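Chains as they are written, first to last, in our numbering: chain A, 1 to 116; chain B, 1 to 113.
Ideal Cβ placement from N, Cα and C applies to all residues, glycine included.
No experiment lies behind these values; they were computed from the predicted model shown.
Comments concern the structure below.
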């Protein structure tokens, strides 16, 4: 089944404790992206990647890191989490060629993060 | 500034009734507009996509309309079912950048039996 998977689905942690949220897709998509979703604000893009070893900042990259060493994986790293990073995190992927903006993004199920 | 605004923020209707959700955008140059459905605890799933030249598109009981002149879109749900309870998100793509996608904050729809 074609899908985007995320782990963990739920995480409660404390301020300053480094964590990684994994994202994997099995559709051979070039483009992958991380969003955070907060009430009343909609989805905001954190980082995106157009292909392996190519990553770019989105609208809210501060406090986050990403890497794209393999096409299928796009982990999100919080080096020193803070309470304002409590949110729902969504990973997405899509084909990037051709007519890229028309291609549907497929979303993972989300990771609910709470930072105390 | 590119923006996507949705209304209402939330809506409660009885099962079997129809409803219409609104989306206004200021994204330019416009490429396409998608409506996503997001069930509680799940990621968004695409319902429809509309380009500049399309006025209406249906997906079962969901019908989306687009007025590119007024930069407005609507999502009409016919004969609502309990499974329609979800958030509906309007997403607009900027033609100038393949990676620039602007999300609305969504409408939370609740269907009551």
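Of the candidates B:32, B:7, B:75 and B:92, B:7 places its Cα closest to the Cα of residue 40 of chain A. Here residue 114 of chain A is not near residue 77 of chain A, since their CB atoms are 7 Å or more apart. The DSSP-derived three-state label of residue 83 of chain B is helix. Per DSSP, the unbroken beta strand (DSSP E) holding residue 5 of chain B starts and ends at 4-7.
The beta-carbon separation of residue 43 of chain B and residue 110 of chain A, rounded to 6 Å, stays under the 8 Å limit for a contact. The region 20-29 of chain B makes no contact with the region 31-47 of chain A: fewer than 3 CB pairs, one atom from each, lie closer than 8 Å.
Pairing residue 74 of chain A with residue 26 of chain A, the inter-Cα distance amounts to about 12 Å.
Here residue 16 of chain A is exposed: its Cβ has fewer than 16 other Cβ atoms, across all protein chains shown, within 10 Å. Below 8 Å, too few C-beta pairs join the region 5-15 of chain A and the region 47-67 of chain A to call them touching: fewer than three. Contact residues of the region 43-70 of chain A toward chain B are 43, 44, 45, 48, 50, 56 and 58 (C-beta to C-beta distance below 9 Å).
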